[in-house]
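Quick notes on the structure that follows.
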Amino acid sequence: MKTKKIIIILVAIVIVLVIIAALTKKGGKGTKVSVEKASMHNIVEEVSASGKIYPESEVKISPDVSGEITELYVKEGDTVKQGTLLLKINPELYITTLDQAKASLNTAKANSANSEAQLSRVNASYLQQQKLWERSQKLFKEKVLSQQDYDNAEAQYMMSKADYEASQKAVLSSKYNIESVQANVQQATKSYGRTSIYAPSDGIVTALNSEKGERVVGTSQMAGTEIMRISNLDNMEVRVDVNENDIVRIKLGDTANIEVDAYGNRVFKGIVTLVANSATQSSSLTSTDQVTNFQVKIRILSSSYKDLIKQAAGRIPFKPGMSASVNIITSTESNVLSIPVSAVTVKSSDMEKKKDVSGGDKKTNDTPVDNNAPKDEIVWIVSNGKATMRVVKTGIQDTRYIKVLEGIKEGETVVSFPFDAITYKLKEGTVVEVVDKESLFEMDKK
């Protein structure tokens, strides 16, 4: 009887132990997390962006006059010097216009000469009538000349004076007409000269959009036709768009690491030469809920690709339009107290404490949530197997670490993974089990 009782007790104990073991295996010792200690690191803060490579100096060639291209002396890829004749536009129309202007000028000069001759004749008549009028006045005062003869002399004098003044104005008008026609001749001469287009600077023809025989529109009519582009490939730059959240951290002179798709993982050095003050046109036309971008230009330093220039026999190894990625270094700090970026989250520390006091996340908790409550940067400190919330202030960061300004001392242990635990699972005093990050990844796969 006693033996049977002992057996029953032993079986019961075994069952209890099995249940406890199962529960322990299922529930573990607590929330599994990986941790890392706050320690000193060098932090390099960067802004990353992608864009295209372009020459720093690029000139768009458009004609000043319209017409058919009759001669084209260059092709894409040619090297040109300033003053090199690039192309000719059919000049026949402009030669005709110039000839007409010159003929009009000759006519104006002839008319001016006639006006001056007429003025000389009228002036002689006017002087004669003036003398007769003066003598008539004297005779009339002496009562030798009749009133009628006096009136006739006065009328002749006044008419000759009017003719003289009119001739003077005609001469002046003819001179103005000559100046106007001369301006037309100058304009026609310029238009004729513009049928020949020359290179405005040294460079390489990087784009040729028109062919011999095509008709082009001059810049006098809207934008005109872009015939070609001449670029100076000695200085190349990467043009990228940076969003409004990052643009405030970039300044002129910041250095950058540049990766060009055509050269694999090779890194070139660059420097920021322009930070736009206004948003890019495409961004400025979008709605307010879309990202606004600003253009940034980064010069590729030639010292970082000298070997490629030698391989290319003096030619620049970059071609306009190549794709590139840049990491702009905005700040660097050495040997600063830091923790993993993943360890920091943002929430209201006051609301978190209220939840802990009122019983955590129970559905029976009727405490209203204030979504407008001030948010703090917080981390979870692990001490004696439990998680404790700590409010911190942070500084610059890179892809792995973030600088801690306040709230943590060197050597303290912070939860660095997983994200869901840091964000909402952990509460004040939660029991945690420290494991390797790799094992957490394995658990996620299962």
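The opening residue of the sequence shown carries number 1096 in our numbering; numbering runs sequentially from there. Glycine is no exception: its CB is placed at the ideal position from the N, C-alpha and C atoms.
Checklist entry - Secondary structure at Glu1151, three-state DSSP: helix, strand or coil? => result As a position in the sequence shown, residue 1151 is number 56, starting the count at 1. DSSP places Glu1151 in strand when its eight states are reduced to three.
Next on the checklist: Mapping the DSSP letters down to three states, classify Thr1290 as helix, strand or coil.
Outcome noted: One-based indexing of the sequence shown puts residue 1290 at position 195. When DSSP states are grouped into helix, strand and coil, Thr1290 belongs to the coil group.
Next on the checklist: So, at 8 Å on beta carbons, what are the nonlocal neighbours of Val1391 in its own chain, with the 5 sequence-adjacent residues on each side left out?
Outcome noted: Taking the first residue of the sequence shown as 1, we reach residue 1391 at position 296. Non-local beta-carbon contacts of Val1391 in its own chain, meaning distances under 8 Å to residues more than five positions away in sequence, involve Ala1144, Arg1334, Val1335, Asp1336, Val1337, Ile1342, Ile1345, Val1367, Leu1369, Val1370, Ala1371 and Ile1423 in chain order.
Item to check | Cβ-Cβ distance between Val1355 and Ala1133 below 8 Å | outcome: Taking the first residue of the sequence shown as 1, we reach residue 1355 at position 260. Taking the first residue of the sequence shown as 1, we reach residue 1133 at position 38. At least 8 Å separates the beta-carbon of Val1355 from that of Ala1133.
Item to check | Stretch pair the region 1318-1327 + the region 1298-1306: three plus CB contacts closer than 8 Å | outcome: yes
Next on the checklist: Comparing C-alpha positions only, which one of Ile1184, Val1530, Val1160 and Gly1365 sits nearest to Glu1166?
Outcome noted: Translated into the one-based positions of the sequence shown, residue 1166 becomes position 71. Minimum Cα distance to Glu1166 is reached at Ile1184.
Next on the checklist: On the CB-based measure, 16 or more other CB atoms within 10 Å of its CB, does Asp1493 come out buried or exposed?
Outcome noted: As a first step, residue 1493 is located in the sequence shown; it is residue number 398 there, counting from the start. By the neighbour-count rule (16 or more Cβ atoms within 10 Å), Asp1493 is buried.
Checklist entry - Under the three-state reduction of DSSP, which class applies to Val1431: helix, strand or coil? => result The residue given as residue 1431 occupies position 336 in the sequence shown. Val1431 falls in the strand class under three-state DSSP.
Next on the checklist: Among Thr1508, Lys1520, Leu1535 and Gly1480, whose alpha-carbon lies nearest the alpha-carbon of Val1527?
Outcome noted: Numbered from 1 along the sequence shown, position 432 holds the residue referred to as residue 1527. Checking every option, the nearest Cα to that of Val1527 belongs to Gly1480.
Checklist entry - Between the C-alpha atoms of Ile1476 and Val1439, what's the straight-line distance to the nearest angstrom? => result Looking up residue 1476 in the sequence shown gives position 381. Looking up residue 1439 in the sequence shown gives position 344. Going by the C-alpha atoms only, they are around 11 Å apart.
Checklist entry - What's the gap between the Cα of Ile1217 and the Cα of Gln1225? => result Position 122 of the sequence shown, counted from the first residue, corresponds to residue 1217. Position 130 of the sequence shown, counted from the first residue, corresponds to residue 1225. The sequence given here has Val at residue 1217, not Ile. Approximately 12 Å, taken between the alpha carbons.
Checklist entry - Taking contact to mean at least 3 C-beta pairs separated by less than 8 Å, is the region 1202-1210 in contact with the region 1310-1319? => result no
Checklist entry - So what does Ala1482 bridge to, in DSSP terms? => result To locate residue 1482, count along the sequence shown from 1; it is residue 387. For Ala1482, which the question treats as bridged, DSSP gives the partners Val1477.
Next on the checklist: Beta-carbon within less than 8 Å of Ile1190's beta-carbon, same chain only, minus the 5 sequence neighbours each way: which residues are those?
Outcome noted: Your numbering for residue 1190 matches position 95 in the sequence shown. Only Tyr1287 meet the Cβ criterion.
Item to check | Thr1425 versus Tyr1358: straight-line alpha-carbon distance, rounded | outcome: The residue you call residue 1425 lines up with position 330 of the sequence shown. The residue you call residue 1358 lines up with position 263 of the sequence shown. Roughly 25 Å separates the two Cα atoms.
Checklist entry - Quick one: Cα of Gly1125 to Cα of Ala1516, how far? => result Stepping through the sequence shown from its first residue, residue 1125 is reached at position 30. Stepping through the sequence shown from its first residue, residue 1516 is reached at position 421. Each residue's alpha carbon lies about 12 Å from the other.
Checklist entry - Applying the criterion that 16 or more other CB atoms from any shown protein chain within 10 Å of the CB defines a buried residue, is Ile1546 buried or exposed? => result Residue 1546 is absent from the structure shown; the chain starts at 1096 and stops at 1541.
Next on the checklist: According to DSSP, simplified to helix, strand and coil, what is Tyr1168?
Outcome noted: Taking the sequence shown and counting its residues from 1, one reaches residue 1168 at position 73. Correct three-state label for Tyr1168: coil.
Checklist entry - Nearest CA to the CA of Leu1347: which residue from Met1331, Ile1353, Gly1365 and Asn1330? => result As a working note, residue 1347 is residue 252 in the sequence shown. If we check each option's Cα against that of Leu1347, Gly1365 comes out closest.
Item to check | Residue range of the unbroken alpha helix (DSSP H) whose run includes Leu1227 | outcome: Sequence index remark: in the sequence shown, residue 1227 carries index 132 (1-based). Per DSSP, Leu1227 belongs to the alpha helix (DSSP H) from Glu1187 to Lys1236.
Checklist entry - Using CA coordinates, which residue listed in Leu1222, Ser1231, Lys1238 and Ala1198 is at the minimum distance from Val1280? => result Position 185 of the sequence shown, counting from 1, holds the residue named residue 1280. The shortest C-alpha separation from Val1280 is found at Ala1198.
Checklist entry - From the DSSP output, which residues share a beta bridge with Lys1183? => result What you label residue 1183 is simply residue 88 of the sequence shown in a count that begins at 1. Note: Lys1183 sits in a beta bridge opposite Glu1166 and Ser1291.
Checklist entry - From the DSSP output, which residues share a beta bridge with Gly1348? => result In the sequence shown, counting from the first residue as 1, residue 1348 sits at position 253. Partner residues in a beta bridge of Gly1348, as assigned by DSSP, do not exist.
Checklist entry - Does the distance from the C-beta atom of Pro1158 to that of Ile1322 stay below 8 Å? => result Here residue 1158 is taken as the residue at index 63 of the sequence shown, counted from 1. Here residue 1322 is taken as the residue at index 227 of the sequence shown, counted from 1. Closer than 8 Å, so yes.
Item to check | For Gly1455, the three-state DSSP class (helix, strand or coil) | outcome: The residue given as residue 1455 occupies position 360 in the sequence shown. Residue placement at Gly1455 is flagged as unreliable, the pLDDT there being 48, under the threshold of 50; a coordinate-derived value is accordingly withheld.
Next on the checklist: Using 8 Å for Cβ pairs, my map puts Ile1353 next to Val1421. What's the rounded Cβ distance?
Outcome noted: Start at 1 with the first residue of the sequence shown, and residue 1353 comes out as number 258. Start at 1 with the first residue of the sequence shown, and residue 1421 comes out as number 326. In this structure Ile1353 touches Val1421 by the C-beta definition: roughly 5 Å separates them, less than 8 Å.
Checklist entry - From the DSSP output, which residues share a beta bridge with Ile1156? => result In the sequence shown, residue 1156 corresponds to position 61, counting from 1. Partner(s): Met1323.
Item to check | C-beta contact flag for Ser1433 and Ile1148 at 8 Å | outcome: Reading the sequence shown from its first residue, position 338 is the one you call residue 1433. Reading the sequence shown from its first residue, position 53 is the one you call residue 1148. Not closer than 8 Å, so no.
Item to check | Nearest-angstrom Cβ-Cβ length linking Tyr1221 and Ser1255, presumed shorter than 8 Å | outcome: Residue 1221 sits at position 126 when you count from the first residue of the sequence shown. Residue 1255 sits at position 160 when you count from the first residue of the sequence shown. Confirmed, Cβ separation roughly 4 Å.
Item to check | Proximity winner among Glu1533, Asn1201 and Val1312, relative to Lys1270 (alpha-carbon distances) | outcome: Your numbering for residue 1270 matches position 175 in the sequence shown. Selected option, being the one with the closest Cα: Asn1201.
Checklist entry - In its own chain, which residues sit with a C-beta less than 7 Å from the C-beta of Glu1141, not counting the 5 before and 5 after it? => result In the sequence shown, the residue the question calls residue 1141 occupies position 46. Same-chain partners within the cutoff: Asn1422, Ile1423, Ile1424, Thr1425 and Asp1493.
Next on the checklist: On a Cα-Cα basis, can you pick out the residue from Thr1350, Met1135 and Thr1179 that is closest to Ile1156?
Outcome noted: Numbered from 1 along the sequence shown, position 61 holds the residue referred to as residue 1156. For the residues Thr1350, Met1135 and Thr1179, the minimum Cα distance to Ile1156 belongs to Thr1179.
Item to check | Residues sharing a beta bridge with Phe1389, DSSP | outcome: Start at 1 with the first residue of the sequence shown, and residue 1389 comes out as number 294. As DSSP reads the structure, Phe1389 sits in a beta bridge with Val1337 and Ala1374.
Next on the checklist: For a quick check, are the C-beta atoms of Pro1415 and Ile1404 less than 8 Å apart?
Outcome noted: By 1-based counting over the sequence shown, the position of residue 1415 is 320. By 1-based counting over the sequence shown, the position of residue 1404 is 309. The answer is no: Cβ separation not under 8 Å.
Checklist entry - From Ile1395, Val1487, Ala1351 and Asn1340, pick the residue whose C-alpha is nearest to that of Thr1387; which is it? => result As a working mapping, residue 1387 is identified with position 292 in the sequence shown. Of the listed residues, the one whose Cα sits closest to Thr1387 is Asn1340.
Item to check | Enclosing beta strand (DSSP E) for Leu1303 [first to last residue] | outcome: Counted from its first residue, the sequence shown places residue 1303 at position 208. Here the beta strand (DSSP E) through Leu1303 covers Gly1298 to Leu1303.
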